[in-house]
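Student:
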Amino acid sequence: MSSSNFLIVSLALLLVIALSFIPNFASASVKEETALLKWKASLQIPNNSQLLSSWTPLPMNSSAMAPCSWFGISCNADGNIYRLNLTSSKLKGTLNQFPFSILHDVTDFNLSVNNFFGRIPPEIGLLSKLVYLNLSDNQFSGVIPPEISQLVNLVELGLSKNLLEGSIPPTIVNQFEKSIPNTE
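Residues -28 to -1, 1 to 156 in mature numbering (1 follows the signal peptide of the UniProt record, and there is no 0) are what the sequence shown lists, from first letter to last.
Listed below in C-alpha cells is the structure:
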C-alpha cells in the first residue's frame, strides 16, 4: 500500500472512530434535557418570571447544546451538567420529578431561597459527585434522608430555614466530623 493510500485509510478510520462518539454525547444531552423539562413542567413558576424561559428544547440544527445554554446550568467540557444553580428564582414545587439518576456529573446543586416543599427524596444520594448542596431557605419537611451520607465528596451542606424535623443522621455528622478543624 502506498503511503498516500495508507494516510487516506488512516484518516478515514480516525473519522469513523471520532464520529462514533457523537451519538452517545448527543443522547446524554437529550436525556438530561428531557428529564429537566419534565421537572420544570412540575414546578409553579411566577408568570412574570423569565428565569427559566431559556429552558426549552433547542432546534435539532442548533449549534448550542441544550441544556448547557440554559439559565442556571453549567456544563463541563464533555457537555455534561456539573452545576445547577437556581438560587432565588421564586420557584415552587417538589423534587419528586427531579432527575437525580440521570445527572451523574453534578458537583454543585443550589436551590436555596425558593419555595420548594415536601420531603427531600432519598434519590438525592445518587448525585455521587456532589461537593456542594444548598437547599436552605425553602419549605422542605420531614426528616433529613440518611442517603445524604452517601455523598462522600460533600464539603458543604445547607439545609437551614426549612421545616425539617428530627435529628441529623449520625452517618452525616460522622462524615463532616473528619473535616471540622480542631479549635483547641
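Heads up, the beta-carbon is just placed ideally off N, CA and C, and yes, glycines get one too.
Tell me which residue opens and which closes the beta strand (DSSP E) that N87 is part of.
Tutor: Working through the sequence shown from its first residue, we reach residue 87 at position 115. Segment N87 to G90, the beta strand (DSSP E) holding N87.
Student: For the beta strand (DSSP E) that contains E128, what are its first and last residues?
Tutor: The residue given as residue 128 occupies position 156 in the sequence shown. Its beta strand (DSSP E) spans residues E128 to G130.
Student: Work out the CA separation of L67 and G90 for me, nearest whole Å.
Tutor: Taking the first residue of the sequence shown as position 1, residue 90 is located at position 118. Taking the first residue of the sequence shown as position 1, residue 67 is located at position 95. G90 and L67: Cα-Cα distance of roughly 8 Å.
Student: Where does the unbroken beta strand (DSSP E) through L56 begin, and where does it stop?
Tutor: Against the sequence shown, residue 56 aligns to sequence position 84. Here the beta strand (DSSP E) through L56 covers I53 to N57.
Student: Within its chain, find whatever has a CB closer than 6 Å to the CB of G138; leave out the 5 residues flanking it on each side and keep chain order.
Tutor: Looking up residue 138 in the sequence shown gives position 166. Only V115 meet the Cβ criterion.
Student: Please look up how many angstroms separate the CB atoms of L107 and L123, rounded, as I've assumed it's under 8 Å.
Tutor: For the purposes of this step, residue 107 is taken as the residue at position 135 of the sequence shown. For the purposes of this step, residue 123 is taken as the residue at position 151 of the sequence shown. The pair is not a contact, with the Cβ atoms about 12 Å apart (cut-off 8 Å).
Student: For the region 71 to 119, which segments carrying the beta strand (DSSP E) assignment without a break, of at least 3 residues, lie completely within its bounds, in sequence order?
Tutor: Complete beta strand (DSSP E) runs here, min 3: 80 to 82, 87 to 90, 104 to 106 and 111 to 114.
Student: Around the Cβ of residue 157, are there at least 16 other Cβ atoms within 10 angstroms (buried) or fewer (exposed)?
Tutor: Nothing in the structure corresponds to residue 157, since the chain is present only between -28 and 156.
Student: Could you name the residues of the same chain whose beta carbon sits closer than 6 Å to that of I120, not counting the 5 residues immediately before and after it, in chain order?
Tutor: Translated into the one-based positions of the sequence shown, residue 120 becomes position 148. So the qualifying residues of the chain are I144.
Student: For S41, name the three-state secondary structure that DSSP assigns.
Tutor: By 1-based counting over the sequence shown, the position of residue 41 is 69. Three-state result, S41: coil.
Student: How would you call T79, buried or exposed, if buried means at least 16 neighbouring beta carbons within 10 angstroms?
Tutor: Here residue 79 refers to the residue found at position 107 of the sequence shown. Buried.
Student: How about S14 and Q69: do their beta carbons lie closer than 7 Å?
Tutor: Locating residue 14 in the sequence shown gives position 42, counting from the first residue. Locating residue 69 in the sequence shown gives position 97, counting from the first residue. Yes, Cβ-Cβ distance for S14 and Q69 is below 7 Å.
Student: Are the Cβ atoms of L56 and F72 separated by less than 7 Å?
Tutor: What you label residue 56 is simply residue 84 of the sequence shown in a count that begins at 1. What you label residue 72 is simply residue 100 of the sequence shown in a count that begins at 1. For L56 and F72, no; Cβs fall outside 7 Å.
Student: Thinking C-alpha only, which one of G130, E5 and S113 is nearest I45?
Tutor: Along the sequence shown, one-based indexing puts residue 45 at 73. Nearest C-alpha to I45: E5.
Student: In chain order, what residues of the same chain have a beta carbon less than 6 Å from the beta carbon of N110, not counting five sequence neighbours either side?
Tutor: The residue you call residue 110 lines up with position 138 of the sequence shown. So the qualifying residues of the chain are N86, F88 and N134.
Student: Residues bridged to Q22 by DSSP?
Tutor: Taking the first residue of the sequence shown as position 1, residue 22 is located at position 50. DSSP, once it has assigned bridges, lists no residue as partnering Q22.
Student: Quick check on DSSP: helix, strand or coil for L8?
Tutor: As a position in the sequence shown, residue 8 is number 36, starting the count at 1. It is helical.
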